[in-house]
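Following: one structure in structure tokens, then a few remarks.
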Amino acid sequence: MAHSNESKKETRTTRRDFLKASTLAASVAVSGALDVSRSVFAAGSDIIRVGVIGCGGRNAGAAAQALTADSGARLAAMCDIFMDRVKEKRQILKEQKGSQVTVDDDHCFAGFDGYKHVIESSDVVLIANAAKFHPFHAMAAVEAGKHVFVEKPHGIDPAGVKLMQRASELAKQKGLSFISGLHSRYHTGYAETVKRIHDGAIGDVVAIEENFLRGPYGVIDRKPGLSEVEWQCSTQYHFRWLSGDDVVQSLVHNLDRSSWVMRNQAPVKCHGLGGRSSMTEPIYGDVFDHHSVVYEFEGGALIYAFCRTTNGCYDSSSSIILGSKGKADIMRCRIWGETNWRWEGGCDPYQREHDILFAAIRSGKAVNNGDYMARSTMISVMGQISCYTGKEVTWEQVNKSDFYYPPKPEECRDGMEPPVKAGADGSYPVPRPGFTQMI
Amino acid sequence: MLSWNRFAYSIKKAWGKQGLKVNRGVKHLALAVLSLIAFQCRGAPDEARGPAKSYTETVTTKSGEKVSFKMVLVPGGTFLMGSPEGEPGRKDDEGPQHKVRIDQFYLCTTETTIELFLAYYHETVSAKKDFTETEQAKKEAELVANDVDAATGPTPVYGDMTMGYGKTHPAIGMTWHNAMNFCEWLSKKTGRKYRLPTEAEWEYACRAGATNVFGFGNDPNQLAEFAWYKTNSDGETHEVGKKKTNAWGLYDMLGNVSEWVYDFYSPQAYKDAANTNPRGPTTGKVHVARGGDYTSPIEDMRCAARTFEEEGWRSGDPQIPKSKWWLPGMDFIGFRAAMSIDPNAVKPNDGQK
Chain R
1 MAHSNESKKE
11 TRTTRRDFLK
21 ASTLAASVAV
31 SGALDVSRSV
41 FAAGSDIIRV
51 GVIGCGGRNA
61 GAAAQALTAD
71 SGARLAAMCD
81 IFMDRVKEKR
91 QILKEQKGSQ
101 VTVDDDHCFA
111 GFDGYKHVIE
121 SSDVVLIANA
131 AKFHPFHAMA
141 AVEAGKHVFV
151 EKPHGIDPAG
161 VKLMQRASEL
171 AKQKGLSFIS
181 GLHSRYHTGY
191 AETVKRIHDG
201 AIGDVVAIEE
211 NFLRGPYGVI
221 DRKPGLSEVE
231 WQCSTQYHFR
241 WLSGDDVVQS
251 LVHNLDRSSW
261 VMRNQAPVKC
271 HGLGGRSSMT
281 EPIYGDVFDH
291 HSVVYEFEGG
301 ALIYAFCRTT
311 NGCYDSSSSI
321 ILGSKGKADI
331 MRCRIWGETN
341 WRWEGGCDPY
351 QREHDILFAA
361 IRSGKAVNNG
371 DYMARSTMIS
381 VMGQISCYTG
391 KEVTWEQVNK
401 SDFYYPPKPE
411 ECRDGMEPPV
421 KAGADGSYPV
431 PRPGFTQMI
Chain A
1001 MLSWNRFAYS
1011 IKKAWGKQGL
1021 KVNRGVKHLA
1031 LAVLSLIAFQ
1041 CRGAPDEARG
1051 PAKSYTETVT
1061 TKSGEKVSFK
1071 MVLVPGGTFL
1081 MGSPEGEPGR
1091 KDDEGPQHKV
1101 RIDQFYLCTT
1111 ETTIELFLAY
1121 YHETVSAKKD
1131 FTETEQAKKE
1141 AELVANDVDA
1151 ATGPTPVYGD
1161 MTMGYGKTHP
1171 AIGMTWHNAM
1181 NFCEWLSKKT
1191 GRKYRLPTEA
1201 EWEYACRAGA
1211 TNVFGFGNDP
1221 NQLAEFAWYK
1231 TNSDGETHEV
1241 GKKKTNAWGL
1251 YDMLGNVSEW
1261 VYDFYSPQAY
1271 KDAANTNPRG
1281 PTTGKVHVAR
1291 GGDYTSPIED
1301 MRCAARTFEE
1311 EGWRSGDPQI
1321 PKSKWWLPGM
1331 DFIGFRAAMS
1341 IDPNAVKPND
1351 GQK
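Residue numbers (my numbering), protein chains in the order written: chain R, 1 to 439; chain A, 1001 to 1353.
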């Protein structure tokens, strides 16, 4: 019996999300097909300089995926609010990617202004920091003529999402690639499932159930010596002005899948509820720990969307599409009913995002995800606002609004006072549905 | 890839050619049966004269529910580990075949279920982590050096640990480290010393005294009676304990999910293995998983087939450093618990750093 890579690949098919075998083979295949002679990067060399804005776990992962996608990619510059994170991730990446990591001490930057220096020193900018800054940093990169990979969410408030939309339009005009971290769109199994739904496999979509129910984002003990704003930045998922909270931060993946299934429509309105019941200590900042939002589309189709970040409860991560002739489970890549079908294959969508980005840069044919990235994020923002205010929110309303969480990203300075502060008991004020006003 | 019929044919052909080996195999089988009979005469009816043939362990969860599982006694004995050179589908890392002596131990009749693993998860999960991953690693290294139990429980899984499967399906997507930590938790909870089986113990229990390809015989047409694999799984894991057991009362040793064992992986592992209760190489990067899973073709369902953690198993976690606890999306990897009888036998944290 032969044990070639091919047979290994075949034995390693799963209905689930990811390729079990190394993705190296696929990446090499993509790079191998490129015509490197056409390159116009870094003063005529074949090197593509990669800069990372944000040195948390996700951007270190994205950097590794970028360097895997293209053998000519070099990690050239890094920044974060905290220098120790920059140095720590540089070290780990050096261990994994060796000579592709060329960033020297002079190209490690800290603080709110670090992004400027990273953009200057890069051809491609990877943005995965506190989501508040995603649109602002993406716009700065595009204005400087750089290609962009930016993690979700693509803004945490209506003003931010609109800025992201303008950045994507400018990228289009300039012929720059603009890639979104909404990874579902890069999952070939999800794409096959959605395509079948569009081709009528489950009839008309009647309703969608979206679940993202799981434990909380990691919390950390407050390190002595941190200022209040540094503390909040160090645990940014737990502060609304930095992360936008869980509908925007995480349920956006589910809402992106829903909107995709609905042929990239946006719902006309929504109503949501949410609160904070278990993860209530000050260490959990000022976010809610559970949300549910019901969205309605033109024609009456509904999304019932739930997210929760609480330990010890029922967990689920799923996108279930109910149609007039059957049912589909996007994340399991399965369809039941009049059509019974399942996808067999493996896919690493995180790696694919970068394979496609670098292939686009090499070929000069820009890829731009701006359309769905702005729409899906705005859908999440409207749901979040509805949960906080307790009011129905329409698509029209949210798009008319210029609401933003102060301060504006460009007004953030090292050493500033944060916009939210703990009360006498150490806890931070949270929104009160029925009283809180936003738009 | 060989079609099944071709595979069956190859097996027949291979066995046909190696009549001598078959005879030798029969002798081993006979010996194993004899020792099993001898053991049962010695131990079974009276507990004072030996350990019970099986027992049921019951764990009370944080919310007061009771979860039970059954442990059976695997009799001590000697077996031939690895596969003979002619075995179709064989890989080089399955050799050389070598004689191994295994002390008696207990092994869970089923793969660890989601229900039991959730009990552990809910009791021990903590969202708390130290300021940076490197600091955390440093702190844990210190704790290990000072012989303190570093880990109390995993961080929350990104996504859903059950991946949509029901409670009676096998627990999935945990790292080897997490599976080991589960055994520590279970030991503290019950006062018995639970651990992962060694690779040798696993293969010995899977063969259950037989010297053939699948434990139940050499005929792959029977595989569907014993195992969930590529041909009959419909692309999903299945409830544990729904197929026939092997000769020693163990369900799903082959198929459903691959099972973590204690040993580090090395393709050379059998070349200089200890001949009594081997524990595998003392150093290594990744660990062995055994038994094949619901996606496996027939050749990976053989008792001797070895697999190990591949780089892609961590690709569901888009972060760096990768989670020490979870393999998100990897629904083909699980484990089952073993328990030592001899206090000098392998302990969970023995030998490997």
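We treat Cβ as the ideally placed atom computed from N, Cα and C, and that holds for glycine.
Predicted model, so just to flag it, every value in this text is computed and none were measured.
Review point. My guess is that H472/R and G272/R are in contact by the Cβ rule of under 8 Å, so how many angstroms apart are they, rounded?
Key: Absent from the structure is residue 472/R, since the part of chain R shown begins at 1 and ends at 439.
Point to revise | Host alpha helix (DSSP H) of E88/R (start-end) | key: 83 to 97
Check your understanding: Is the number of C-beta pairs between the region 146 to 160 of chain R and the region 73 to 81 of chain R that are closer than 8 Å three or more?
Key -> Contact fails between the region 146 to 160 of chain R and the region 73 to 81 of chain R, because fewer than three Cβ pairs, one in each stretch, are under 8 Å apart.
Practice item. Look up A1305/A in the DSSP assignment and say whether it is helix, strand or coil. Key: coil
Point to revise | Which listed residue (D402/R, V261/R, C387/R) has its alpha carbon closest to that of E192/R | key: Selected option, being the one with the closest Cα: V261/R.
Point to revise | Close beta carbons around F1131/A, own chain, < 6 Å, minus the five adjacent residues each side | key: Reliability of the predicted coordinates at F1131/A is poor, the pLDDT of 39 falling under 50, and no value is obtained from them.
**Study point:** 9 Å Cβ cutoff met for E392/R and Y304/R
**Key:** no
**Study point:** Members of the region 1309 to 1325 of chain A that neighbour chain R once the beta carbon cut-off is set at 7 Å
**Key:** Against chain R - using a Cβ distance shorter than 7 Å - the residues of the region 1309 to 1325 of chain A are E1310, E1311, G1312, W1313, S1315, G1316, P1318, Q1319, I1320, P1321.
Check your understanding: With 9 Å set as the bound, which would you pick, yes or no: does the beta-carbon of M373/R sit closer than that to a beta-carbon of chain A?
Key -> Not an interface residue.
Exercise for review: With a threshold of 16 other CB atoms inside 10 Å of the CB of S99/R, please say whether the residue is buried or exposed.
Suggested key: Residue environment analysis places S99/R among the exposed positions, since fewer than 16 neighbouring C-beta atoms fall within 10 angstroms of its C-beta.
Exercise for review: Inspect the beta-carbon positions of D286/R and P429/R and report whether they are closer than 9 Å.
Suggested key: yes
Review point. From this set, G1241/A, F1117/A, F1226/A, A1200/A, which residue's C-alpha is nearest R1306/A's C-alpha?
Key: A1200/A
Check your understanding: Looking at the C-beta of I81/R, does it have a partner C-beta in chain A at a distance below 9 Å?
Key -> no
Check your understanding: Considering only the beta carbon of each residue, do R352/R and H187/R sit closer than 9 Å?
Key -> yes
**Study point:** Opening and closing residue of the beta strand (DSSP E) in which C1108/A lies
**Key:** 1105 to 1108
Review point. Three-state secondary structure (DSSP) at T193/R?
Key: Helix at T193/R.
Review point. How many angstroms separate the CA atom of G1016/A from the CA atom of H1169/A?
Key: Confidence at G1016/A is low in this model, with a pLDDT of 34, below 50, so its placement is unreliable and no value can be given for it.
**Study point:** Range covered by the alpha helix (DSSP H) that runs through R334/R
**Key:** R334/R -> not in any alpha helix (DSSP H); beta strand (DSSP E) instead, spanning 334 to 337.
**Study point:** I321/R: contacting residues in chain A (beta-carbon distance under 8 Å)
**Key:** The premise fails here: I321/R is roughly 14 Å from chain A at the closest Cβ pair, so nothing lies under 8 Å.
Review point. Per DSSP, which one or two residues make a beta bridge with S292/R?
Key: L273/R, F306/R
Review point. To the nearest whole angstrom, what separates the beta carbons of I202/R and G299/R, a pair I think is in contact under 8 Å?
Key: Contact doesn't hold; Cβ gap of about 16 Å is too wide.
Practice item. Could you tell me how far apart the beta carbons of I156/R and A131/R are, in whole angstroms, since I believe they sit closer than 8 Å? Key: 5 Å
Check your understanding: At a Cβ cut of 9 Å, what residues of the region 1224 to 1252 of chain A count as close to chain R, listed as they run along the chain?
Key -> K1230, D1234, G1235, E1236
Review point. Can you tell me where the beta strand (DSSP E) with I1427/A in it begins and where it stops?
Key: Nothing can be reported for residue 1427/A: it is not among the residues displayed for chain A, which extend from 1001 to 1353.
Practice item. May I have the straight-line CA-CA distance separating T1078/A from T1276/A, to the nearest angstrom? Key: 9 Å
Exercise for review: Compute the Euclidean distance between the alpha carbons of L176/R and H137/R, then round it to the nearest angstrom.
Suggested key: Looking at the two C-alpha atoms, the distance is approximately 15 Å.
Exercise for review: Determine which residues share a DSSP beta bridge with I119/R and list them.
Suggested key: DSSP output for I119/R lists no bridge partner at all.
Review point. Can you list, in chain order, the residues of its chain whose CB lies under 8 Å from that of E1239/A, leaving out five sequence neighbours each side?
Key: Correct list, in chain order: G1166, T1168, H1169.
Check your understanding: By how many angstroms is the C-alpha of F1308/A removed from the C-alpha of S27/R?
Key -> In this predicted model, S27/R has a pLDDT of only 41, less than 50, meaning its place in the structure is not dependable; the value taken from the coordinates is given anyway. Going by the C-alpha atoms only, they are around 22 Å apart.
**Study point:** With 16 other Cβ atoms within 10 Å as the buried cut-off, status of N1221/A
**Key:** exposed
Point to revise | Nearest neighbour of V294/R, chosen from I385/R, D204/R, L357/R, N369/R [CA to CA] | key: When C-alpha distances from V294/R are compared across I385/R, D204/R, L357/R, N369/R, the shortest belongs to I385/R.
Exercise for review: Sort out for me which residues DSSP pairs S317/R with in a bridge.
Suggested key: F212/R
Check your understanding: Closer than 9 Å, CB to CB, is M78/R near chain A or not?
Key -> No, because no Cβ of chain A sits closer than 9 Å to the Cβ of M78/R.
Point to revise | Within chain R, partners of A1289/A - CB distance below 9 Å | key: Ordered by position in chain R, no residue passes the 9 Å Cβ test against A1289/A, which lies about 11 Å from the chain.
Exercise for review: Answer yes or no: does any C-beta atom of chain A fall closer than 9 Å to that of Y190/R?
Suggested key: no
Review point. Just reading off the alpha helix (DSSP H) that T68/R is part of, what are its end residues?
Key: Looking at the DSSP string, the run of the alpha helix (DSSP H) that includes T68/R is 57 to 69.
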